[in-house]
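To start, the structure itself, in structure tokens.
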Amino acid sequence: AQSVSQHNHHVILSEAASLELGCNYSYGGTVNLFWYVQYPGQHLQLLLKYFSGDPLVKGIKGFEAEFIKSKFSFNLRKPSVQWSDTAEYFCAVTRASGSARQLTFGSGTQLTVLP
Amino acid sequence: ETGVTQSPTHLIKTRGQQVTLRCSSQSGHNTVSWYQQALGQGPQFIFQYYREEENGRGNFPPRFSGLQFPNYSSELNVNALELDDSALYLCASRTGGQGGELFFGEGSRLTVL
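Chain order of the listed sequences is A and B.
So that you can map any letter, position 11 of the first sequence is 595 in my numbering, and since no number is skipped, the others follow by simple counting.
So that you can map any letter, position 97 of the second sequence is 1190 in my numbering, and since no number is skipped, the others follow by simple counting.
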């Protein structure tokens, strides 16, 4: 079974600082990778996803992530955070084949951006 | 707004009771899945339905059961509630294709006393 590890439980940054959130997964086969964001009081929404091809993927709101297969990692980055980026961020993985395609989530990283 | 609506938004039950949570999928989505999100944790997969049949299940006991209806709306039923069932229950829907993005509802917050 696959698993996801997010190293940082809570990150506090000032506006304009750069962000990198770590995500490592364990699964021996081909995977699809995702980052979701949950703003306070709102539903989970997709930031970006990786299925295949260019390992550097760009998502919404200036976020990007890099898939490094040899390290089983899919870290999320943003060059300059804003106060509105305050939210909880979840990394998730699913097998690339099979009918269920269940998502396995990490435990999340709470990002607080100080104005 | 994802087009996925869940009800009720909050409810309180006592241990041993039964609960039914409902989900209305986004139009055109034939696949629905349910997740449990305990406080401070990421969502955990409960099960998935595709065209009214369960086609995937996570590590949850049989007292967690579900239904998907012809209009693709869905229910999650939990029998014999335990204190540890207190959580946010998320419904998510997508099309059946490989690249189908999951759209989540805002969840039903269940408290078991």
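Glycine residues also receive a C-beta, built at the ideal position from the N, C-alpha and C atoms.
These numbers were taken from a predicted model, which means no experiment stands behind them.
Sequence-distant residues of the same chain with beta carbon closer than 8 Å to residue i, five excluded per side
{"i": "residue 762 of chain A", "result": "Absent from the structure is residue 762 of chain A, since the part of chain A shown begins at 585 and ends at 699."}
{"i": "residue 676 of chain A", "result": "588, 617, 618, 619, 620, 687, 688, 689 and 690"}
{"i": "residue 639 of chain A", "result": "650, 651, 652 and 653"}
{"i": "residue 1120 of chain B", "result": "1096"}
6 Å CB neighbourhood of residue i in its chain, flanking five on each side removed
{"i": "residue 598 of chain A", "result": "698"}
{"i": "residue 641 of chain A", "result": "632, 634 and 649"}
{"i": "residue 1135 of chain B", "result": "none"}
{"i": "residue 1204 of chain B", "result": "1105 and 1179"}
{"i": "residue 1147 of chain B", "result": "1140"}
Cut-off 7 Å between Cβ atoms - residues of its own chain near residue i, not counting five sequence neighbours on either side
{"i": "residue 1158 of chain B", "result": "1170"}
{"i": "residue 1122 of chain B", "result": "1165, 1186, 1187 and 1188"}
{"i": "residue 591 of chain A", "result": "606"}
Residue i vs residue j beta-carbon contact at 8 Å
{"i": "residue 672 of chain A", "j": "residue 692 of chain A", "result": "yes"}
{"i": "residue 651 of chain A", "j": "residue 588 of chain A", "result": "no"}
{"i": "residue 658 of chain A", "j": "residue 609 of chain A", "result": "yes"}
{"i": "residue 1109 of chain B", "j": "residue 1180 of chain B", "result": "no"}
{"i": "residue 1129 of chain B", "j": "residue 1114 of chain B", "result": "no"}
{"i": "residue 1201 of chain B", "j": "residue 1101 of chain B", "result": "yes"}
{"i": "residue 1161 of chain B", "j": "residue 1142 of chain B", "result": "yes"}
{"i": "residue 664 of chain A", "j": "residue 585 of chain A", "result": "no"}
{"i": "residue 615 of chain A", "j": "residue 679 of chain A", "result": "yes"}
Cross-strand partners of residue i (DSSP beta bridge)
{"i": "residue 1104 of chain B", "result": "B:1203"}
{"i": "residue 695 of chain A", "result": "A:595 and A:671"}
{"i": "residue 1170 of chain B", "result": "B:1113 and B:1158"}
{"i": "residue 1146 of chain B", "result": "B:1143"}
{"i": "residue 1181 of chain B", "result": "B:1130 and B:1202"}
Any non-hydrogen atom of the ligand ADP closer than 7 Å to residue i Cβ
{"i": "residue 1114 of chain B", "result": "The ligand ADP is not part of this structure, which contains no ligands at all."}
Practice prompt. Could you please tell me which residues of the segment 592 to 620 of chain A, in chain order, have their CB closer than 7 Å to any CB of chain B?
Written response: none
Worksheet entry | Any beta strand (DSSP E) of 3 or more consecutive residues that is wholly inside the segment 587 to 664 of chain A | 587 to 589, 594 to 598, 603 to 605, 608 to 610, 615 to 622, 628 to 634, 640 to 642, 648 to 652 and 657 to 662
Worksheet item: Between the segment 1106 to 1138 of chain B and chain A, which residues of the former have CB atoms less than 8 Å from a CB of the latter, in chain order?
Response: 1126, 1128, 1133, 1134, 1135, 1136, 1137 and 1138
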